[in-house]
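The sequence shown runs 234 to 745 under my numbering.
All C-beta atoms in this analysis are idealised placements derived from N, C-alpha and C, irrespective of residue type, glycine included.
No experiment lies behind these values; they were computed from the predicted model shown.
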Amino acid sequence: MAQSELPRVGGIEGMEESLDVSQRTEVPKLRKGAVGLGGVLFLTVTGSAPISAMLFNTPIVVGYGQGVGAPAAFLFATIVLVVFSVGYVAMARKKTSAGGFYSYISHGLGRELGIGTGYGAVVAYSVFEASLAGGFAYFLNLKLKAFGVNVGWPWLALGMVVLISLLTFFDVRLSTTLLAIGLLSEIAILLIFDIFMFSKGHANWNAVNPVNAFKGFPASGGLVAGAVGIGLFFAFWSWVGFEMAPNYGEESRNPKRIVPRALYISVIGLGVFYTLTSWAPLFGYPSTHAAVAAAQGSAANFYLTPAKQYGGQWVSSIMSYLIITGSFACGMAFHNTTARYMYSLGREGLLPAPLGRTHHKFKSPHIASIVQTVIAALIIILFAVFTGSNDPASQAYLQLYGLMAVMGVIIILSAQALVSLAILVYYERYHRDEVHWWKTRLAPLLALISQAAVVWLLFDNISFLGGGFGYAKLLGPIDLVVVLIGVGAAFYFKKRKPQKYEQAGRLINEGL
């Protein structure tokens, strides 16, 4: 039976039709029932990397965004993403696919935009792994230097992506075990830090005033002014990864229950945790000016200095090591998601067919995993060649970590806005009898508007984010070109290879 003759689900004028692959042995599938709720949570929450999100991003939100209103920015992001998750969950219960955004947008807004978003998502998650490799290499380089060992950051970054490739080649369950250990360690030390700060530090209740999420601060006393857009961008960047849950639907037990639960637990849990943990270091500074000055002066020590002062050297030391392991774990999570996007597109014929194959024994997307490793390695090598390798702070952290994060987040937030629109259209067009005023109408509409606004603020502040690196202005146009290439490919498939076009974003697994 040809791929285009697979069992169909839906069937309203073709567009909503899905192709159920659950009973088709010739269609490669991921390992069924490989992970439960805990596994999906670890794989998705680790992508958000709590310790990296806090220690990398909070100093920027405080120093260049909302100042001491940083916790309010995280609170606002929590509310927006919870609202987004309402519609996202409604869609996840309808479609079980490793394609995530790509599949949902394809069902709601058409194959062309779905394919374009799928190409964009592959690029976004792919550069995220390289980005985290930069942060990992920067902090590991500092640690090794403290022991008298000097290893160039490019070698450390390349070592990370190679090791991740080996660990993820075999089975998603191995990744889950390793990520679980790292995640629990991160949460534990940050909770200890929070307890010390809240019990011994200087209370600053103005920090959680919701109004402060939309306020910057003026330049004064040698400090540069803060910009609301900068703070909100890095607050939202801290969540990237939670949206990965649907990508593990085919590998989870009872995905129509597990995926929605994982989404809500991760976004709400991270929201509460981020709000408290971005608030905690402010208790270590006697004034607003002191907190902003510390964030602008030494972002690396913004958490570690109060940790040592109020918790002791052991707290500060453990946190400094877990930044390294947290970056590694985050990179692994993004690697897993990228491989699954490539696998989904390859299985549907929109990328080279070998990418859509799974390992005969481990049922992992092993070829896609290898390709992602090569891409991440090439990005690292390009940065090393064109920016140099003698200044890890600038080359590995500010440029490779920072700017690759910007490039990816532009796509992810834009995709989430499009997913919200797709949910609105999908239910209105194909399931009007299931339309709910909140779940499939108001919540997706609010998520669309708010996330589109954050994307606009990001573009409005792209020059600041790029600092003195002129090529930063090219990141947005590059993202747009990638999506347009995907849209162009869709039109090509529609005309030249209609079977591939027909199954674009439509392969779902209902036998779970």
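Would you call the CB atoms of residue i and residue j closer than 7 Å?
{"i": "Leu646", "j": "Val715", "result": "no"}
{"i": "Gly599", "j": "Ile397", "result": "This sequence places His at residue 599; Gly is not what is there. No, these two residues do not count as a Cβ contact at 7 Å."}
{"i": "Lys433", "j": "Tyr543", "result": "yes"}
{"i": "Ile551", "j": "Phe372", "result": "no"}
{"i": "Thr350", "j": "Met477", "result": "no"}
{"i": "Gly302", "j": "Asn487", "result": "no"}
{"i": "Ile348", "j": "Ala723", "result": "yes"}
{"i": "Leu342", "j": "Ala655", "result": "yes"}
{"i": "Ala526", "j": "Leu515", "result": "no"}
{"i": "Gln632", "j": "Thr620", "result": "yes"}
{"i": "Ala370", "j": "Leu389", "result": "yes"}
{"i": "Thr291", "j": "Ser511", "result": "yes"}
How is residue i classed by DSSP in three states: helix, strand or coil?
{"i": "Gly434", "result": "coil"}
{"i": "Pro587", "result": "helix"}
{"i": "Gly582", "result": "coil"}
{"i": "Asp624", "result": "coil"}
{"i": "Arg662", "result": "helix"}
{"i": "Asn756", "result": "Because the chain is modelled from 234 through 745, residue 756 falls outside the range shown and cannot be assessed."}
{"i": "His669", "result": "coil"}
{"i": "Ala282", "result": "coil"}
{"i": "Gly564", "result": "helix"}
{"i": "Asn439", "result": "helix"}
{"i": "Ser597", "result": "coil"}
{"i": "Asn694", "result": "coil"}
{"i": "Ala648", "result": "helix"}
{"i": "Ala737", "result": "coil"}
{"i": "Phe702", "result": "coil"}
{"i": "Lys448", "result": "coil"}
{"i": "Arg257", "result": "Caution applies to Arg257, whose pLDDT of 49 falls short of 50 and renders its modelled position unreliable; the value that the coordinates give is listed next. Looking at Arg257 - three-state DSSP - the assignment turns out to be coil, as it is neither helix nor strand."}
{"i": "Tyr536", "result": "coil"}
{"i": "Gly545", "result": "coil"}
{"i": "Lys728", "result": "helix"}
{"i": "Gly385", "result": "coil"}
If you draw a straight line from the C-alpha of residue i to the C-alpha of residue j, how long is it?
{"i": "His669", "j": "Phe467", "result": "32 Å"}
{"i": "Ala601", "j": "Phe289", "result": "29 Å"}
{"i": "Ser471", "j": "Lys733", "result": "36 Å"}
{"i": "Val618", "j": "His664", "result": "53 Å"}
{"i": "Arg674", "j": "Phe447", "result": "26 Å"}
{"i": "Leu503", "j": "Pro304", "result": "13 Å"}
{"i": "Ile643", "j": "Asp712", "result": "8 Å"}
{"i": "Ile293", "j": "Ile463", "result": "8 Å"}
{"i": "Pro585", "j": "Ala363", "result": "22 Å"}
{"i": "Leu417", "j": "Pro731", "result": "47 Å"}
{"i": "Ile425", "j": "Val548", "result": "8 Å"}
{"i": "Pro220", "j": "Ala572", "result": "Nothing about residue 220 can be read from this structure; the chain reaches only from 234 to 745."}
{"i": "Leu442", "j": "Tyr497", "result": "Inspection of the sequence shows that residue 442 is occupied by Asn rather than by Leu. Rounded to the nearest angstrom, the two C-alpha atoms are 24 Å apart."}
{"i": "Glu581", "j": "His522", "result": "55 Å"}
{"i": "Leu615", "j": "Pro387", "result": "10 Å"}
{"i": "Arg264", "j": "Thr558", "result": "Confidence at Arg264 is low in this model, with a pLDDT of 48, below 50, so the placement of that residue is unreliable and no value is reported for it."}
{"i": "Ser318", "j": "Lys672", "result": "9 Å"}
{"i": "Met324", "j": "Ser336", "result": "10 Å"}
{"i": "Ala562", "j": "Val639", "result": "20 Å"}
{"i": "Ala513", "j": "Pro479", "result": "32 Å"}
{"i": "Gln684", "j": "Leu691", "result": "11 Å"}
{"i": "Leu509", "j": "Pro587", "result": "45 Å"}
{"i": "Ala460", "j": "Ala540", "result": "27 Å"}
{"i": "Leu252", "j": "Phe334", "result": "Annotation note: pLDDT 49 at Leu252 (below 50); position unreliable, no value reported."}
{"i": "Thr392", "j": "Val384", "result": "The sequence as given places Gly at residue 392; Thr does not occur at that position. Each residue's alpha carbon lies about 11 Å from the other."}
{"i": "Tyr321", "j": "Phe275", "result": "19 Å"}
Taking its Cβ as the centre, do 16 or more other Cβ atoms sit within 10 Å of residue i, making it buried, or is it exposed?
{"i": "Phe380", "result": "exposed"}
{"i": "Ile338", "result": "buried"}
{"i": "Lys728", "result": "exposed"}
{"i": "Arg326", "result": "exposed"}
{"i": "His435", "result": "exposed"}
{"i": "Tyr634", "result": "buried"}
{"i": "Gln649", "result": "buried"}
{"i": "Ser553", "result": "buried"}
{"i": "Tyr725", "result": "exposed"}
{"i": "Val382", "result": "exposed"}
{"i": "Ala458", "result": "exposed"}
{"i": "Gly271", "result": "exposed"}
{"i": "Leu377", "result": "exposed"}
{"i": "Gly545", "result": "exposed"}
{"i": "Ser746", "result": "Missing from the structure shown is residue 746; the chain here goes from 234 to 745 and no further."}
{"i": "Glu735", "result": "buried"}
{"i": "Asn694", "result": "buried"}
Are the C-beta of residue i and some C-beta of chain B separated by less than 7 Å?
{"i": "Pro587", "result": "Annotation note: the requested chain B is absent from the structure, which comprises a single protein chain."}
Check: Which whole runs of the alpha helix (DSSP H) in the stretch 451-534 are 4 residues long or more, in chain order?
Finding: The stretch 451-534 is shown to contain whole alpha helix (DSSP H) runs of 4 or more residues at 461-470, 488-512, 521-530, in chain order.
Check: What are the start and end residues of each continuous alpha helix (DSSP H) run of 4 or more residues lying completely inside the stretch 299-382, in chain order?
Finding: Unbroken alpha helix (DSSP H) stretches of 4 residues or longer found wholly inside the stretch 299-382: 303-325, 334-342, 344-379, given in chain order.
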